[in-house]
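Residue numbering for the sequence shown follows full-length UniProt numbering, beginning at 1 and increasing consecutively.
No residue lacks a Cβ here, since even glycine has one placed at the ideal position from N, Cα and C.
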Amino acid sequence: MVIIFNVILNLVEFYSWALIIYILLSWFPNARESSIGQFLARICEPYLEPFRKIVPPLGMIDISPIVAILVLRLASYGLIQVFQWLV
């Protein structure tokens, strides 16, 4: 059970970094059109889309990815608490 828990936490950590890299790619012209940018778009956009519908942009700044990362972090902390409760 510990192995499964560690794998899930590592996947959440990896996904958080993938989101951060995907967000940083928007700062560079044509970076999202690269093969890495397209791969990250396929794995990140489905998660970011609901947050973009809820959180309106502040002018040119889209803060929905920040909210998405916070929710992902809170979910990982929740998983830690559930695991500690089970063990």
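Check: What is the residue span of the alpha helix (DSSP H) that R73 lies within?; Outcome: S64 to L86
Check: Taking all protein chains shown into account, decide if I54 is buried (16 or more other Cβ within 10 angstroms of its Cβ) or exposed.; Outcome: exposed
Check: Ignore the nearest five residues each way along the sequence and tell me which others in V31's own chain have a CB closer than 7 Å to its CB.; Outcome: The question names Val, but residue 31 is Ala in the sequence shown. Contacts found: L25 and G37.
Check: How do the stretch 12-21 and the stretch 39-51 stand: do at least 3 beta-carbon pairs fall below 8 Å, yes or no?; Outcome: yes
Check: Can you tell me the Cβ-Cβ gap for L19 and A68, rounded? I've got them flagged as a contact below 8 Å.; Outcome: 7 Å
Check: Check this for me: beta carbons of Y86 and P65, under 7 Å apart or not?; Outcome: The sequence as given places Leu at residue 86; Tyr does not occur at that position. For L86 and P65, no; Cβs fall outside 7 Å.
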